[in-house]
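Numbering (the working numbering), first residue to last: 2 to 201. We put the beta carbon where it would ideally sit given N, CA and C, even for glycine. Let me begin by presenting the structure, written as structure tokens, before commenting on it.
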């Protein structure tokens, strides 16, 4: 029985080999013509980047990723924008990482408001995410009053090398304020010195 099966296989070995070769060729052709998986370009941090810098082209690198892993809120043109929070190497640049309208997305009903604090050394104590009370101090010695309480620090832009190009002292800080606080903060920023205290 075994001998007859072996003889039958031997008689048909050439047709079998041809058939197997045909299957292998067909599989290879199918693999060769199958389209590659789709990829989309994405700008990511070329290295670890600190908050407050103005993004340059050398800070970013382009990678190709599958569309299903690309974040929905990718910033379309991040070069020249101020980075609001640190980025790790390989991390995508999204709207919430840049100083701008998208900065307050994590805080409902909050508007991003830039304020200038006259003491630049005090600003070095702040970190993005801190909550502070803003106080208006009368430079003529008239005392201080609370302008806003518990506002989140959204960004701390770095000063440019030319002193921000305005001749003004101090440092800019971007805070999140509700509708009623925006007007008070703007008014106090014009008439008084603003300072802060860490909120409880």
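Residue i burial status per 10 Å Cβ neighbour count (16 or more: buried)
| i | result |
| --- | --- |
| residue 147 | exposed |
| residue 133 | buried |
| residue 197 | buried |
| residue 41 | exposed |
| residue 98 | buried |
| residue 182 | buried |
| residue 90 | exposed |
| residue 143 | exposed |
| residue 164 | Any answer about residue 164 is weak, because its pLDDT of 47 lies below 50 and its placement is not dependable; what the coordinates show is given next. Exposed, by the Cβ-count rule. |
| residue 151 | exposed |
| residue 126 | exposed |
| residue 191 | exposed |
| residue 53 | buried |
| residue 121 | exposed |
| residue 64 | exposed |
| residue 57 | exposed |
Sequence-distant residues of its chain with Cβ nearer than 6 angstroms to residue i (five each side left out)
| i | result |
| --- | --- |
| residue 131 | 154 |
Sequence-distant residues of the same chain with beta carbon closer than 7 angstroms to residue i, five excluded per side
| i | result |
| --- | --- |
| residue 51 | 87 |
| residue 107 | 97 |
| residue 68 | 39 and 41 |
| residue 186 | 114, 116, 135, 148, 149 and 178 |
| residue 160 | 172 |
| residue 72 | 93 and 95 |
| residue 104 | 85, 97, 113, 155, 156 and 175 |
| residue 66 | 40, 41 and 43 |
DSSP bridge partner residues for residue i (one or two, in chain order)
| i | result |
| --- | --- |
| residue 62 | 45 |
| residue 184 | Beta-bridge pairing links residue 184 to no other residue. |
| residue 175 | 115 and 156 |
| residue 75 | 95 |
Same chain, Cβ closer than 8 angstroms to residue i, neighbours up to 5 away in sequence not counted
| i | result |
| --- | --- |
| residue 59 | 47 |
| residue 119 | 170, 171, 194, 195 and 196 |
| residue 79 | 44, 56, 61, 94 and 99 |
Unbroken stretches of the beta strand (DSSP E), 3 residues or longer, contained in the segment 123-152: Entirely contained in the segment 123-152, the beta strand (DSSP E) runs reaching 3 residues are, in chain order, 132-138.
Along the chain, which unbroken stretches of the alpha helix (DSSP H) at least 4 residues long are found entirely within the segment 96-126? For the segment 96-126, whole alpha helix (DSSP H) runs of length 4 or above, ordered along the chain, are 121-124.
Between the segment 74-85 and the segment 136-146, are three or more C-beta pairs nearer than 8 angstroms? With a cut-off of 8 angstroms, the segment 136-146 and the segment 74-85 do not count as touching, because too few Cβ pairs lie within range.
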